[in-house]
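Visitor: Quick one: the structure is below, and I'll ask about it shortly.
In structure tokens, the structure reads:
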């Protein structure tokens, strides 16, 4: 399991504003270790949950290219950065909203059959370009957002793990909005593969409005489920695939997403 900790980043690589949970997992890189992931994702939907939770016709086919970096500063601290490039159509494409995170392991408690990990992370999301954000096919809201997460994870010595995290998202530009994210995840990692499944609920603390971008609007609420499968090719390189679907919500597209990617490790 120790050779796989950098893999649990993949669900942050979603298009438009579906970045809610952030790139936080229950594993820590070694000091001086740099993990870099490159991801290609496709997302599509033909119906949209409006502000009342009813499905209305609206469609999109989007692709995104994503970069994830995590660097171990010391045994308890890591620095994370993300940068997505998204294309919804010829007029709505470009670098969307990146983020920088500081991740700190508060405690690691060893028991007979495994370990309990408690991790706190704070992050800042911000637009990487002045992309259009005033139409139904916009790639995002050009939002500046503070994000905080607290995570508990149990790592069994047999290779499986379970985790849960929550926190707060506070968008303070272009308008003040707050939301509560909840994410639970379980999986298993061996020397030959890694696999997991997860369930996320994102609850807006304000009412919704429908005049926002194509994938989600201000005040969105949703529930989605997904998973990932990874295969290590070498100690410094591996490949993965995964996907997710929206189960329901408000002011959100009923989307299906899939992704392919590669992970590189330096000084690990």
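Residue numbers (my numbering): 1211 to 1478. The C-beta atom is built at its ideal place from N, Cα and C for all residues, glycine as well.
If you run the structure through DSSP and keep just helix, strand and coil, what is residue 1476?
Guide: Residue 1476 falls in the strand class under three-state DSSP.
Visitor: Which same chain residues, not among the five before or five after residue 1454, have their C-beta less than 6 Å away from its C-beta?
Guide: So the qualifying residues of the chain are 1434, 1436, 1467.
Visitor: When we look at the beta-carbon of residue 1460 and count the other beta-carbons within 10 Å, is it buried (16 or more) or exposed?
Guide: Its Cβ being crowded by 16 or more others within 10 Å, residue 1460 is buried.
Visitor: Grouping DSSP H, G and I as helix and E and B as strand, with all else coil, what is residue 1391?
Guide: Correct three-state label for residue 1391: strand.
Visitor: Within 10 angstroms of the Cβ of residue 1401, are there 16 or more other Cβ atoms? Answer buried if so, exposed if not.
Guide: It counts as exposed.
Visitor: Under the three-state reduction of DSSP, which class applies to residue 1430: helix, strand or coil?
Guide: It is a strand residue.
Visitor: Helix, strand or coil: which one does DSSP assign to residue 1338?
Guide: Coil.
Visitor: May I ask you to list the residues that DSSP assigns as paired with residue 1357?
Guide: DSSP, once it has assigned bridges, lists 1333, 1379 as partnering residue 1357.
Visitor: Give the secondary structure of residue 1386 by DSSP, where H, G and I count as helix, E and B as strand, and everything else as coil.
Guide: Here residue 1386 sits in coil by DSSP.
Visitor: Alpha carbon to alpha carbon, how far is residue 1254 from residue 1458? Give it in angstroms, no decimals.
Guide: Looking at the two C-alpha atoms, the distance is approximately 15 Å.
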